[in-house]
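Heads up, the thing below is written out as structure tokens.
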Amino acid sequence: MTSVGDRIEGHLFVLKAIMDRDKLTLEESLSRYPGLVPTEDHDAVRRHWEQQQRTTTIIRTVRPTELTAMGGPRPWAEDWDTAEGYYWARQRRFLSHVLRRQDYEIDSVDLASDRVLAHLENPRYPEPFIVRGLVVGHVQSGKTSNFSALIAKASDAGYKIIIVLSGLHNTLRQQTQRRLQRDLGHENVPFPKGVGQGDPEKYWTWLTRDDLDGDFDPGVNVGPLQGQNQVILVVKKNKTRLDRLLDWLENKVPEHVPVLVVDDEADQASVNTGGNRPDDEPVSEVLDLRAADFDGEIPADDELDPSAINLRIRRLLRCFARVSYVAYTATPFANILINPNAEDREGGDDLFPQDFILTLPHPPGQKYVGSDRLFGREQLPGEVGQVDGLDVIRIVPELEVEQVIPPKGKRKPYTPVIPSTLKAALIDFLLAAAGRMARNGADQPCTMLVHIDMRKEAQDKLAAEITAELGHMRQQWRYDRENFLPVLSDRWDTEFRPLTSSMDLDNDAPFEKLEQHLDALLTPGVEVRILNSNHEDELDFEIEPDLKAVLVGGNKLSRGVTVEGLLVSYFVRRSPYYDTLLQMGRWFGYRGDYVDLTRLYSTQLLVTWFHDLATIEEELRRQIEHYARRKLKPWDAAPRIRSHEKMLPTAKNKMKDTSLQQESFDGRKLQTLRFPFDDPMILDLCSENLGTTRALLGSLGAPHRADPGRLNWEGVSAEAIVRFIELFRFSDQSAFDVPSVASYIQAQTQHNELVSWRVMVSSARVQQNEHRTVDLGISGHPEVTMIQRSRLAKDPSSLGVVTEPEDELQGLTSAQIEEARKLQESGGFSTLGDAFRSQRSSREGLLVLYPIDPSSGVGANAKNRRRLFDEGIERPECVLAYAVSFPYSTSPRSLPYVVGHKAGRP
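Using the working numbering, read the sequence shown as starting at 457 and increasing by one per residue.
Pasting the structure below:
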């Protein structure tokens, strides 16, 4: 922002505070305080205000989805106006006037926290109660903002003791405490660094401190527990620490005092695993904890045994007569799979969210970057086309991964080297950091994350190599700038400016504007900070708000900790679990203002897995929405999480009460989208697919109907279709498991369904000079004109989509087509494709073949796409893809899903 922009923003900041305080309009504020804003700035202030209002009205705030035992909010909440509360009013003003959050951002937090509060019991309810709920957010999306607002509102309503359970590391506990001190009030955080301490009669009694060693100490006074004070504790989830808390609380809290327990990162350590622990590595090493993170006399796996921690949280809830427990997580796979019937004679009921499950909506606006926006995902029912990701991902070849991680097996010598992709990532970081500072005209935090392996030795050795490489770049800048500048300039012009211009032309900047900021980075040198328990390095953006550093770490950076100003990530570490892999994604978060400057370097396999996880994650949220529409209670809605060929939703010991079930393909359309375009094997694969297609079509005889761009056969046997599907080759797709599809077709034929198939070849409607043809072995049609398709730029193994909407019409009568349109328009089906499939006989399936020209380029209006094959690369004769359209069935077989336990309570 320019200095003029800063001045106008400052004027408006002051005016908004007056407008909020005195309930005035903008014009009334300008008139009542004429000397506050110079007359010459009035018009600019009005324009800026109007622009903010337009933005606010365009962005819609969405309510959370709620699955509740009560069928809706509790009655007391309807009569309680949170806007009148003391703590929330102060927090809201701080968000608006100091942090300058947009109205729609505050409204989102306000609405969501209102809905969570509405599912807690009335703190003034005279009888004992216990409430258990789960709030599902998005990774790095502001869960802390939500529970901070919830704590303020719950305290306004009458909850007197707040206990926040925060992670396993001292750093995460400290980060959470500092955030709450800022938002709620603390004597050491004066206004405007926080909301301020406030009125004396409303002071908080903090029983934990904000230093690294400030966790709960049983030596504190128990007097505040009697209900006259507003008490808060932020405590690690650690066996010994929780034991001390339990001993200290025993028989100390009167029955009339209402307590709120907030369990942050509730899928970590809180879920009962039955005592199972890794056999190969001690828990302390796997989680990368220092001795200071342990609260026993010596580090011991028992300190972090999830079953021990789970039991202590259950015992903690039993310490109070009147308590509400709210679990927060962005990766709820383990939590929703808890057995709702589980009970322990000492700990009581398990932590299944029996009273409510609430999913927070996607944060409004474009500032939040989540898994679907970054990696894209598959098309889900009701959507037109798949969701494309951003062109910020760069692929790390597997050969280069081997250069940075230790070889398998213990005690093998290991010396990492800096591969070309890591060198490029370091240069991208320097450019992105300079670009961010140039854009904002001010100093900003700028960080890079390198996460290659959980082993600290690997992190330490690679950090040394990165330090040396950055030192070399500094020497180039200082003493060989005339040769280094063209390298940086070319990289900026080719790698950054095209994407920036396509997203917001106003943000485009020539390289010359970066030079002074590059000098500010490279002259003193960029720090490399190692974040593991071998080193004392820490992240503290309160102390270092404008930190410039490359951060090398592993598990310590895998959950909860916010990395401010994260611009470039180099991530090649695999995990076999959905929740662990998503939590490692520190690049998610509120980075929309500079997302065009971010880059993620990772392997093709991991990019594909994240794409699959984005689909799985969104599908789970929609499933909860479906249960909510049906008014199911949490214990009646056995959650179903789509299984993956290579990953599990969570650790096996958290899935002991689950089962593997199948999902039907009825009413579904599947398409082959992924092919190894950049692998030489694509030539053999396409040749084999062409042979498989010729064998099928050659066996069918002449087409029964031939229209422009459409060749059709009917009455094809299910056996011929299954044989084709089993022989046809493409890359792995989580939603298209060939054995399951083939098994489904074969099973349906036992019920006289899918016994007869329509087959169609979809080709170019009109042959033009640039269109090429291929021989598909069709009787009477030796040349078929191929269609044009490109692939995704950020996910280059995927075509994104191959089908045409009208393909679903094949075999339907005019009356059926008209009926389908009516059903869709009346809300019976979310898409026309679904409606068309509902009109097809359950005896008939549809197979559509797409011959694609391997010389296909990118369309003039296409975004985030690339050529099917790069220039100069040997190409196959034809790339074939296909889609299968299944009608709705009365006896469907299904796809495997991991399913949680269903309680069946009254």
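Think of the CB as a built atom: it goes at the ideal place given N, C-alpha and C, for glycine as much as any other residue.
- Measuring C-alpha to C-alpha distances from aspartate 699 to each of Gln724, Leu772, Ala722 identifies Leu772 as the nearest.
- Relative to alanine 1203, the option among Arg1299, Thr1149, Glu1144, Trp1169 whose CA is nearest is Arg1299.
- Of the residues assessed, serine 958 falls on the exposed side of the cut-off, its CB having fewer than 16 other CB atoms within 10 angstroms.
- Contact check for phenylalanine 1342 and phenylalanine 1121: beta-carbon distance about 5 angstroms, within the 8 angstroms limit, so the pair qualifies.
- Counting C-beta atoms within 10 angstroms of its own C-beta, proline 584 has fewer than 16 neighbours from the protein chains shown and is therefore classed as exposed.
- The C-beta separation of glycine 981 from arginine 947 comes to about 20 angstroms, leaving the pair out of contact by the 8 angstroms criterion.
- Minimum Cα-Cα distance from alanine 525 among the listed residues Gln1280, Val1217, Asp673, Ala574 corresponds to Ala574.
- Counting the other CB atoms within 10 Å of its CB gives asparagine 1011 a total of 16 or more, which places it among the buried residues.
- For tryptophan 1213, the pairing in a beta bridge is given by DSSP as Val1172, Gly1301.
- Take isoleucine 883, set aside five residues on each side of it, and the residues of its chain with a beta-carbon closer than 8 angstroms to its own are Met929, Val943, Leu944, Arg947, in chain order.
- Membership of tryptophan 1043 in any beta strand (DSSP E) is not indicated, and neither H nor E is assigned to it by DSSP.
- The region 798–813 makes no contact with the region 615–622: fewer than 3 CB pairs, one atom from each, lie closer than 8 angstroms.
- By the criterion of a C-beta distance shorter than 8 angstroms, glutamine 1127 is surrounded in its chain by Phe1192, Val1257, Val1258, Thr1259, Ala1337, Tyr1338, Ala1339, Val1340, once the five residues flanking it on both sides are discounted.
- If you draw a 10 Å sphere on the C-beta of proline 646, you find fewer than 16 other C-beta atoms in it, and that means exposed.
- Under the 8 angstroms Cβ criterion, the region 680–690 counts as touching the region 711–719, having at least three qualifying pairs.
- The secondary-structure analysis by DSSP pairs aspartate 720 across a beta bridge with Ser622.
- If you draw a straight line from the Cα of glycine 1021 to the Cα of glutamate 983, it comes to about 15 angstroms.
- Taking a C-beta distance under 9 angstroms as the contact criterion, threonine 661 and threonine 632 do not qualify as a contact pair.
- Ranked by how close their Cα comes to the Cα of valine 470, the residues His553, Cys1142, Thr495, Leu1037 have His553 in first place.
- The beta carbon of valine 620 sits closer than 6 angstroms to those of Val690, Val718, all from its chain and outside the five residues before and after it, given in chain order.
- Boundaries of the alpha helix (DSSP H) around leucine 882: 876–896.
- DSSP links glutamate 983 through a beta bridge to Ala1005.
- Within the same chain, Ile986, Asn990 come within 7 angstroms of aspartate 916 by CB-CB distance, once the 5 residues on both sides are set aside.
- Residue nearest to glutamate 1170 within the set Glu1333, Leu1210, Tyr1200 is Leu1210 (criterion: CA-CA distance).
- In the three-state reduction of the DSSP assignment, threonine 1059 falls in the coil class, being assigned neither a helical nor a strand state.
- Every alpha helix (DSSP H) of 4 residues or more that sits fully in the region 1229–1295 is shown, in chain order, as 1270–1281, 1288–1295.
- Ranked by Cα distance from valine 1051, the first of Phe1027, Glu484, Asn963, Ile474 is Asn963.
- With at least 16 other beta carbons inside 10 angstroms of its own, valine 587 counts as buried.
- Here glutamate 799 is exposed, its C-beta having fewer than 16 other C-beta atoms within 10 Å.
- In the displayed model, arginine 770 falls within a helix according to three-state DSSP.
- Residues Asp1002, Leu1003, Glu1020, Gly1021 of the same chain have their beta carbon placed closer than 6 angstroms to that of proline 901, with the five preceding and five following residues left out of the count.
- Counting along the chain, the unbroken alpha helix (DSSP H) around threonine 600 starts and ends at 599–613.
- For glutamate 938, the number of other beta carbons within 10 angstroms of its own is below 16, and it is reported as exposed.
- The C-beta distance from isoleucine 922 to alanine 914 rounds to 12 angstroms, too long to meet the 8 angstroms contact threshold.
- According to DSSP, residue pairing for glutamate 799 in a beta bridge involves Asp805.
- Below 8 angstroms, too few C-beta pairs join the region 1276–1290 and the region 1156–1174 to call them touching: fewer than three.
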